[in-house]
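The opening residue of the sequence shown carries number 33 in the numbering used here; numbering runs sequentially from there.
Even glycine gets a Cβ: it sits at the ideal position worked out from N, Cα and C.
Bear in mind the structure is a predicted one, so any value in this text is a computation, not a measurement.
Here is the structure we will look at, set down as structure tokens.
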Amino acid sequence: MHHLKISRVIRLPLRMMHSQRLLSSSIPDVKLFIDGEFVQSQATQWLPVHNPATNEILCRVPKATSAEMELAVNSAKRAFESWSQTTVLSRQEILLRFQQLIRDHMSELARMITAEQGKTLSDAEGDVTRGLQVVDHCCGAPSLLLGESLGNISRDMDLYSYRIPLGVTAGITPFNFPAMIPLWMFPVSIACGNTMILKPSERDPSTTMLLMQLLEAAGLPPGVINVIHGAEDAVRFICEHPDIKAISFVGSDKAGRYIYDTGCKHGKRVQCNM
């Protein structure tokens, strides 16, 4: 079954990323990824994704509706109940399969980055490779998640510490490294037993969507990662939603300051790389 899934990804690498519904403009739509399904957005606002070398419009990305973003969080919240209880070895097994799938699809990912972000093909491959190194690291989760203990710290008292999952997390990523930076975030989160809402840059979203296909083929359960699209409204939603417990952000100073201030005001753990 695993091989059948992989072959499907190879055969139809763009099938789920772009809607098959032909619009009058014949420009494909980037889909949302909610509860393990690639979903056509009902958004009324869409943004064009350009090839920076030719200015050709490659596809259009939705500004997800509030209802769609709420569905994504609810999916992640439900999935956390079971995912947080999986063994670390089970999570490691999925990441090991994902690691190999990235290697197998390196050229597809690199071509997608070149088309939407504009890097040379060699730079795009480096983008993927740097992200893959984080996946490699996360495959060591059984050792990385070890707790600590100290016996006889006081009379009749021993000390134990455990690393436990936090809950629903979120990642907000920039346009300049569309593979590397998402791969900085979601493998670490899911390896630790968390679930995640990922919002890639609206300027080059398709690399993230291809990574979701690979995760699906690796056997990640539905809802563990959900992908929403948008701009300021999506960022505000993530920062203010009470069920999102932590945010990781990479991007501009202005956006980072807003995310840090707003997220912290709403009781979240926030990490910003500006």
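ask   = Can you list, in chain order, the residues of its chain whose CB lies under 7 Å from that of Cys304, leaving out five sequence neighbours each side?
value = Phe281, Gly288, Ile291, Tyr292
When you compare only the Cα positions, how much space is there between Pro174 and Met138?
26 Å
Check: Taking just the CA atoms, how far does Leu127 sit from Pro219?
Finding: 8 Å
Notebook entry, point to check: Which first and last residues belong to the alpha helix (DSSP H) in which Gln303 is found?
Noted result: Unbroken run through Gln303 is the beta strand (DSSP E), 301–305; no alpha helix (DSSP H).
Report the rounded CA-to-CA distance for Leu79 versus Met306, giving the unit in angstroms.
24 Å
message: So, with DSSP's three-state summary, where would you put Arg123?
response: helix
Open item on the list: Since Lys95 and Gly262 should fall inside the 8 Å C-beta cutoff, what is the C-beta to C-beta distance between them, to a whole number of angstroms?
Closed with: 4 Å
Check: Which same chain residues, not among the five before or five after Gln77, have their C-beta less than 6 Å away from its C-beta?
Finding: Lys95
For this session: Specify the secondary structure class of Arg92 as computed by DSSP and reduced to three states.
Result: strand
Hey, out of Ala142, Asn208, Thr152, Ser221, whose CA is closest to Glu234's CA?
Asn208
#### Entry: C-alpha distance - Leu178 paired with Phe112, whole-angstrom precision
Computed Cα separation, rounded: 20 Å.
Item to check | Beta-carbon gap between Leu182 and Lys277 smaller than 8 Å | outcome: no
With DSSP as the reference, identify every bridge partner of Leu128, one or two as the case may be. Beta-bridge pairing links Leu128 to no other residue.
Return the residue from the list Met244, Ser186, Ala85, Pro214 that minimises the CA-CA distance to Gly68. Met244
Inset, instruction - Determine the direct distance from the alpha carbon of Met144 to that of Pro206, and round the result to whole angstroms. - result: 16 Å
I'd like to know whether the C-beta atoms of Ala202 and Met101 end up nearer to each other than 8 Å. no
Expressed to the nearest angstrom, what Euclidean distance is found between the alpha-carbon atoms of Met212 and Asp159? Distance between the alpha carbons of Met212 and Asp159: 5 Å.
Could you give the C-beta distance for Cys91 and Ile59, rounded to a whole number, given that I count them as a contact under 8 Å? 6 Å
Based on Cα-Cα distance, which residue from Cys271, Glu157, Thr118, Ile185 lies nearest to Lys297?
-> Cys271
inquiry  = Using a 10 Å radius around the Cβ and a threshold of 16 neighbouring Cβ atoms, would you call Gly299 buried or exposed?
reply    = exposed
Check: Once you ignore the five residues that flank Leu121 on each side, which residues in its own chain have a CB closer than 8 Å to its CB?
Finding: Pro174
message = Less than 8 Å between the beta carbons of Val230 and Val256, yes or no?
response = Here residue 230 is Leu; the residue named in the question, Val, does not match the sequence. Not closer than 8 Å, so no.
Problem - Contact check, Pro210 vs Glu264, beta carbons under 8 Å - result: no
query = Between which two residues does the beta strand (DSSP E) containing Gly183 stretch?
reply = Run containing Gly183: 180–186, per the beta strand (DSSP E) assignment.
### Task
Between the Cα of Ala99 and those of His273, Ile185, Tyr192, Leu141, spot the shortest distance and give me the residue it belongs to.
His273
Is Val81 closer than 8 Å to Ser214 when the C-beta atoms are compared? Correcting the residue identity first, residue 214 is Pro in this sequence and not Ser. No.
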